[in-house]
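Visitor: Chains as they are written, first to last, in the working numbering: chain H, 6 to 224; chain A, 7 to 235.
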Amino acid sequence: MDTGVISKYIPIFAKAFLLTLKTGWLGVLLAFLLGIAGAFVLYFKFPLLSAVIKCYVELFRNTPLLVQLFFIYYGLPALGIRTSAEFCGVLGLGLLGGSYMTESIRSGLEAVPQIQKESAVSLGFTKKQIFLDIILPQAFTISIPGLIANVIFLLKETSVFSAISLMDLMFTAKDLIGLYYDTTESLFLLVVFYILMLLPVSFAGSIIEKKTRFKMFGD
Amino acid sequence: MDEILKIEHLTKKYDDITVLNDISFTVKKGEVIVIVGPSGCGKSTLLRCINGLEGINDGKVDIQGKTGMVFQSYELFPHMSVLQNLMLAPIKVQKRKKDEVKTEALQLLERVGLSSKKDNYPRQLSGGQKQRVAIVRALIMHPEILLFDEVTAALDPEMVREVLDVILDLAKQDKTMLIVTHEMAFARAIADRVIFLDGGEIVEDTLPREFFDAPHTDRAKRFLKTFEF
């Protein structure tokens with residue numbers, strides 16, 4: 006491995022790293038928003054919306070992100086909507102993630118026993134109080150491991166962004182390899198930057214998991 | 007004495023199955039009524055109809071004031087400490103002042119011997135301790151009538167006593183209580199009146215001495231026989 010090449014490539018990778026980080030986390034944010042909304046609809050069994058959410062979840066959970074990105078990237082302009090590759094990446098990741106988040110949050114909500122709600126009802130709490138103070142905190146605690154796994158999964162999925170020519174880490178590595186044949190150095194940096202992106206998430210995840218789960222489940 | 011609870015011709019059905027059939031009785035202030043009967047006779051459903059967890063198909067349930075309910079499975083909120091479990095409803099539902107609620111919570115915990123557990127989480131308590139906290143959580147809302155739904159049925163035998171002692175103590179304070187239980191010795195000791203429920207109907211509604219020593223009906227005799235060895 007040529008350290009000279011590596012030091013020369015670091016700034017290029019750093020730029021791609023920031024773009025990947027930005028689009029990845031924006032996608033995760035969108036996924037959370039969709040997931041919360043979707044789980045809410047399913048939990049409260051809103052008549053028509055529930056069916057729509059169920060279709061959405063099945064559609065996006067059972068198709069690869071790459072295919073979804075192609076549809077968004079080439080489909081939107083065909084419908085007359087002009088967008089950037091960056092926007093398509095965020096939208097695609099958010100839609101995919103939203104389907105996973107919906108299921109994780111919904112299963113957490115449904116894992117809180119019905120009788121917990123009944124004991125809250127018999128204490129006189131309103132429906133809103135029961136949801137916000139009793140059900141949601143417990144559901145969140147139950148969902149945490151799944152949510153963290155989803156975040157890590159989604160951030161790794163950014164590696165297909167290169168297919169819609171977003172200049173992310175993967176794109177940069179492939180580009181440099183194609184141009185200069187510095188395969189080892191490029192792949193090395195690709196791995197390093199992906200670990201740099203995900204290791205902190207993993208660590209933070211374990212800490213959050215420990216802190217939130219301790220109360221209910223112990224160590 | 008004032009009537010706290012008046013039930014008239016209550017009927018409850020699940021689809022075609024009648025779970026409670028034409029139930030009528032009244033509970034006066036300070037009375038302790040124990041409801042006994044075989045499994046599936048409708049005891050728990052009756053309590054749930056009284057506090058509104060179940061709708062009723064016919065008849066009337068008239069309560070002067072609020073009910074408080076204690077469940078077989080405790081149902082403390084697992085994400086909150088003991089003190090938080092006790093304080094949430096008085097503060098959020100009754101809009102009482104935090105300081106006043108906390109003082110009362112600590113007094114009640116002291117009374118059931120659990121002061122040292124105020125900052126623990128439910129998972130750190132034994133079944134008997136959890137149930138005592140659950141009783142305090144119902145009490146602190148100052149309900150006019152307390153409903154107990156087989157509150158010792160999930161407990162190890164050595165913990166049954168500590169919970170029953172708390173309920174006996176409440177009876178001495180003239181609390182109005184409706185108690186569903188399988189603890190016959192306890193029922194005899196605490197009850198002002200025993201209601202024997204079988205097949206969704208009130209078969210006997212009588213004094214404990216009479217019910218346990220000289221039951222009128224064959225159904226009651228048969229039921230009491232199942233507790234003999």
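All residues carry an ideal CB built from backbone N, CA and C; glycine is no exception. No experiment lies behind these values; they were computed from the predicted model shown.
Taking only three categories from DSSP, how would you classify A:Lys35?
Guide: coil
Visitor: Of all the options H:Arg111, H:Leu174 and H:Ile200, which has the alpha carbon lying nearest to the alpha carbon of H:Phe49?
Guide: H:Arg111
Visitor: Anyone know if the C-beta pair for A:Leu112 and A:Ser121 falls short of 8 Å?
Guide: yes
Visitor: Anything in chain A within Cβ reach of H:Pro150, meaning under 8 Å, just list it in chain order.
Guide: Per Cβ cutoff of 8 Å: no residues; H:Pro150 is ~16 Å from chain A at best.
Visitor: Helix, strand or coil for H:Ser5, going by three-state DSSP, please let me know.
Guide: Residue 5 of chain H lies beyond the range of chain H shown here (6 to 224); nothing can be said about it.
Visitor: Please list, in chain order, the residues of the region 128-161 of chain H that have any C-beta partner in chain A closer than 7 Å.
Guide: Leu128, Gly129, Phe130, Gln134, Asp138, Ile139, Pro142, Gln143 and Thr146
Visitor: Whose Cβ in chain H lies nearer than 7 Å to the Cβ of A:Pro84?
Guide: Gln143 and Met221
Visitor: Name the chain A residues whose beta carbon is nearer than 8 Å to that of H:Gln121?
Guide: The answer, in chain order, is Glu81 and Phe83.
Visitor: Check whether the Cβ of A:Val142 lies closer than 8 Å to any Cβ atom in chain H.
Guide: Output row for A:Val142: interface = no.
Visitor: Using C-beta distances below 8 Å, list every residue in its chain close to H:Thr217, excluding the 5 sequence neighbours before and after it, in chain order.
Guide: Phe145, Thr146 and Ile149
Visitor: Hey, quick one: how far does the beta strand (DSSP E) through A:Glu156 stretch, first residue to last?
Guide: First-last for A:Glu156: undefined, no H or E at that position.
Visitor: How long is the line joining the alpha carbons of A:Gly133 and H:Glu63, rounded to whole angstroms?
Guide: 42 Å
Visitor: CA-CA distance, H:Leu181 and H:Ala56?
Guide: 46 Å
Visitor: For H:Lys220 and A:Arg225, what's the separation of their Cα atoms in angstroms?
Guide: Spanning the two alpha carbons is a distance of roughly 48 Å.
Visitor: Whether or not the region 94-101 of chain A and the region 122-136 of chain H are in contact is what I'm after, with contact meaning three or more pairs of Cβ atoms, one per stretch, closer than 8 Å; do they touch?
Guide: yes
Visitor: Could you work out which residues of chain A lie near H:Val126, taking near to mean beta carbons separated by less than 8 Å?
Guide: Simply Gly58 and Leu59.
Visitor: Inspect the CB distances between the region 14-27 of chain A and the region 175-194 of chain A and report whether three or more fall short of 8 Å.
Guide: no
Visitor: Going by beta-carbon coordinates alone, are A:Val157 and A:Gln137 separated by less than 8 Å?
Guide: yes
Visitor: If I measure Cβ to Cβ from H:Tyr105 and keep anything under 6 Å in the same chain, skipping five residues before and after, which residues do I get?
Guide: Asn155
Visitor: Does the CB of A:Arg129 have a neighbour CB from chain H at under 8 Å?
Guide: Taking Cβ atoms only, chain H reaches closer than 8 Å to A:Arg129, which makes this a yes.
Visitor: Tell me whether H:Asn155 sits in a helix, a strand or coil according to DSSP, three-state version.
Guide: helix
Visitor: By Cβ distance below 8 Å, which residues in the same chain neighbour H:Ile41 in space, the five residues on each side in sequence not counted?
Guide: Met106 and Ile110
Visitor: Taking only the alpha-carbon atoms, compute the straight-line gap between A:Ile10 and A:Arg54 and give it to the nearest angstrom.
Guide: 17 Å
Visitor: Using only the heavy atoms of the ligand GDP, determine whether one of them is closer than 7 Å to the beta carbon of A:Glu110.
Guide: In terms of ligand content, the structure shown is empty, and the ligand GDP therefore cannot be addressed.
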